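Each remark here refers to the structure printed beneath this line.
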Amino acid sequence: DGTPTAHIHHEDNTLAVQHMYRKGSDFNNADRDKIVTFSSFVGPINRDWIRFRILDTIAIHANFDVTNGVIGALSNTFDAGIIPAPNNFYRCWMSWISQESINRIDYQIGIADNVTGFDGLDQDSLAYWRPQLNPGSGPDPVDSVPIRTNTNLVAAYSDLTVGWATEGGGSVDPTPIEGPTTGVFDAYRVHDDGSTVWAALKATLPPGILPVGGQYCYYAYLKEGTAVDASLRLWDTGAAVLRIDVDYEWVAGNLQIKAENVGTGGTVDLGNGWWVA
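Here it is in structure tokens:
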């Protein structure tokens, strides 16, 4: 819904598999025999396990322990992963080889690995944020919408955040909670104090959120200011591996990055910014 908040799926005392699902003809998939990925951030609220289930002519599912960060049983999947995220969330994903059509996408609350249903306690829940469907193996970056050639997948991607319903019992809490994000989604403005020491806004990523060997895109929004030279730098194992010099003042809207401190050669204040879902 374009916000950094997550929605809670509450169980009830119905002795049945409890779903939150999305289905419809907009998931029709023209790319038969191509790899497709579904991903979502999931946070535990007194419940450890979640199953992602896809009905794509055949049933495909993957189970995830979102308390301990463990991948459980898989069925008809090409690949799966679970990545730690802030606020005790994990980004879970599964990839499969597409069949005739994607008829339904399910979140199923799990009692244990590969066991869905409910034990009648009426007190457990899971929180979901940012469901995403994309071509290829592995999830797209959260804050990017790459060019897509499959118009059906484009429609599915656009519609995934709306139209969800519950089945088998349970309900969606009307009050969302803080999602898997850190920091403030406003802009930071760094002021040079005129000294010879550079002014900088530093940010660090949580450990493990960018696995070794992956391909990543680093960017920031820059707004024209009085500075004649600013740069974006990416540090990997203590060495700067990327530097981009620009003639703009640094004003960055950060996603999943928390600003830690400013260099000794300047000051920082909080300006007006934006949220990019």
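Each residue of the sequence shown is one higher than the one before, counting from 119 in our numbering.
Positions of the beta carbon are idealized from the N, C-alpha and C atoms, including for glycine.
Remember, it's a predicted structure, so these values are computed and weren't measured experimentally.
Per DSSP, cross-strand counterpart(s) of Ser158: Cys210, per the DSSP bridge assignment.
Chain-order list of residues whose beta-carbon lies under 6 Å from that of Asn206 (same chain, five-residue window excluded): Gly161, listed in sequence order.
Three-state class that DSSP yields for Thr185 in the structure shown: Collapsing the DSSP output to three states places Thr185 in coil.
Backbone CA spacing between Phe159 and Ile200 [nearest angstrom]: Our two residues, Phe159 and Ile200, have alpha carbons roughly 9 Å apart in a direct line.
contact_flag[the stretch 186-198, the stretch 123-131] where n(CB pairs < 8 Å) is 3 or more: By the C-beta criterion, the stretch 186-198 is judged not to be in contact with the stretch 123-131, since fewer than 3 inter-stretch pairs fall below 8 Å.
Backbone CA spacing between Ala124 and Ile220 [nearest angstrom]: Spanning the two alpha carbons is a distance of roughly 24 Å.
Pick from Thr175, Ile153 and Asp258 that is closest to Cys210, judged by C-alpha positions: From the listed residues Thr175, Ile153 and Asp258, the smallest Cα separation to Cys210 is found for Asp258.
DSSP bridge partner residues for Thr234 (one or two, in chain order): Beta-bridge pairing by DSSP links Thr234 to Gly228.
Buried or exposed by the 16-neighbour rule on C-beta atoms within 10 Å, applied to Asp151: Residue environment: Asp151 is assigned as exposed (fewer than 16 neighbouring CB atoms within 10 Å of its CB, all protein chains considered).
Span separating the alpha-carbon of Asp174 from that of Pro204: When rounded, the distance between both Cα atoms is 31 Å.
Pro249 - containing beta strand (DSSP E), residue span: Following the DSSP letters along the chain, one finds Pro249 inside the beta strand (DSSP E) bounded by residues Ser243 to Pro253.
Straight-line Cα distance separating Arg165 from Ser216: Rounded to whole angstroms, the gap between the alpha carbons of Ser216 and Arg165 is 30 Å.
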